[in-house]
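Colleague: Following the working numbering, the numbering of the sequence shown begins with 917 at its first residue and continues without gaps. Take a look at the following structure, please.
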Amino acid sequence: MKKLYFTDDFSHENVKKLQDDGWLLRKASACHASDIVEACDKVGGDVPSQYQKITNDGFISLEQFDLVVLDLENTKDQLATVQREYIAFQNNIDAMLSRIEELKNVDYSTLKLNELKDVLSLKGIEFKSGATKDELLALLQG
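This is the structure:
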């Protein structure tokens, strides 16, 4: 049985007592309404709203399930729209050429160090692991 206990009291005494009772501790203040609900059989403590719908047998309520299904359907619709836009883009040579020109004019100086390293790696340009931002920029421009 998986039991989740939501608290912000992580004192040694509280942690020991709860763990001795079989609870897995979660930081209550770190939970957000948009977080995915972790599968469990029981909840306790300062239970976040998305967990309050869990029944005693560990299942989510039908209305919570319906919300997940609705969210999935919306995601499918969004994906279908993006796929249609991508196919239209692939069939539009002028749009592709325009995008290529945009990408040629990237201001690399606005990128962070790790982003510059990613660009160089994608382009197959070798660089020292400890290279500075100026050194990486020089490699991209040269």
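Note that beta-carbon positions come from the ideal geometry of N, C-alpha and C, so glycine has one too.
Between Q980 and K969, how many whole angstroms is the CB-CB distance? I'm expecting something under 8 Å.
Modeller: As a working mapping, residue 980 is identified with position 64 in the sequence shown. As a working mapping, residue 969 is identified with position 53 in the sequence shown. Between K969 and Q980 the Cβ distance is about 5 Å, and since that is below 8 Å, they are a contact.
Colleague: DSSP on F1118, reduced to helix/strand/coil?
Modeller: Nothing can be reported for residue 1118: it is not among the residues displayed for the chain, which extend from 917 to 1058.
Colleague: Report the residue ranges of all beta strand (DSSP E) runs contained in full by the segment 921-967; include only those spanning at least 3 residues, in chain order.
Modeller: 939-943 and 958-961
Colleague: Under 8 Å, with one C-beta from each stretch per pair, do the segment 1029-1037 and the segment 1046-1055 reach the 3-pair mark?
Modeller: yes
Colleague: Per DSSP, which residues does K919 bridge with? Please list them.
Modeller: To locate residue 919, count along the sequence shown from 1; it is residue 3. Answer by DSSP bridge pairing, in chain order: W939 and K958.
Colleague: To the nearest angstrom, report how far apart E989 and D982 are at their CA atoms.
Modeller: Counting from 1 along the sequence shown, the entry for residue 989 is found at position 73. Counting from 1 along the sequence shown, the entry for residue 982 is found at position 66. When rounded, the distance between both Cα atoms is 10 Å.
Colleague: Return the residue from the list L995, D925 and A1047 that minimises the CA-CA distance to R942.
Modeller: Mapped onto the sequence shown, residue 942 falls at position 26. When only C-alpha atoms are compared, the closest one is D925.
Colleague: May I ask you to report which of helix, strand or coil DSSP gives E1042?
Modeller: Locating residue 1042 in the sequence shown gives position 126, counting from the first residue. Reduced to three states, the DSSP call for E1042 is coil.
Colleague: Would you call the CB atoms of C956 and K918 closer than 7 Å?
Modeller: Within the sequence shown, numbered from 1, the residue matching residue 956 stands at position 40. Within the sequence shown, numbered from 1, the residue matching residue 918 stands at position 2. Contact flag set, yes.
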